[in-house]
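Working notes for the structure below.
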């Protein structure tokens, strides 16, 4: 049984958010896949810079709840670039049993509501 690590869950969340951003016409300027290095995405859309913070959470955590201190720190940095800051929370759960860990190559459930302007 190969349980996904925190890093792998973060990569999965980034993949989900990245695909969403692509479909919405965001152009990637910078991608940082380290969980504690923020923002994860710096994008361009409509001639504006966008900073996107990505966080993977496990069920039953609410993917839309975020660390206000972290967001303020990123917003302060974004303001120096006239950038808009967003938060993208992705909740992940084992499809067979929400209380079990997510296993490599097995089905999982995603709770993602898109990016939230913060």
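Numbering (the working numbering), first residue to last: 2 to 119. Note that CB positions come from ideal geometry on N, CA and C, so glycine has one too. All values derive from a computational prediction rather than experimental measurement.
In the DSSP assignment, residue 12 falls outside any beta strand (DSSP E) and within the unbroken alpha helix (DSSP H) covering 7-24.
Per DSSP, the unbroken alpha helix (DSSP H) holding residue 78 starts and ends at 69-80.
If you look at residue 59, you'll find it in the beta strand (DSSP E) that goes 49-59.
In the pairwise beta carbon analysis, the stretch 92-109 is classified as not touching the stretch 21-39: fewer than three pairs are separated by under 8 Å. Annotation: the continuous beta strand (DSSP E) that includes residue 90 extends over 85-95. Boundaries of the beta strand (DSSP E) around residue 46: 42-46. Within the same chain, no residue comes within 7 Å of residue 98 by CB-CB distance, once the 5 residues on both sides are set aside.
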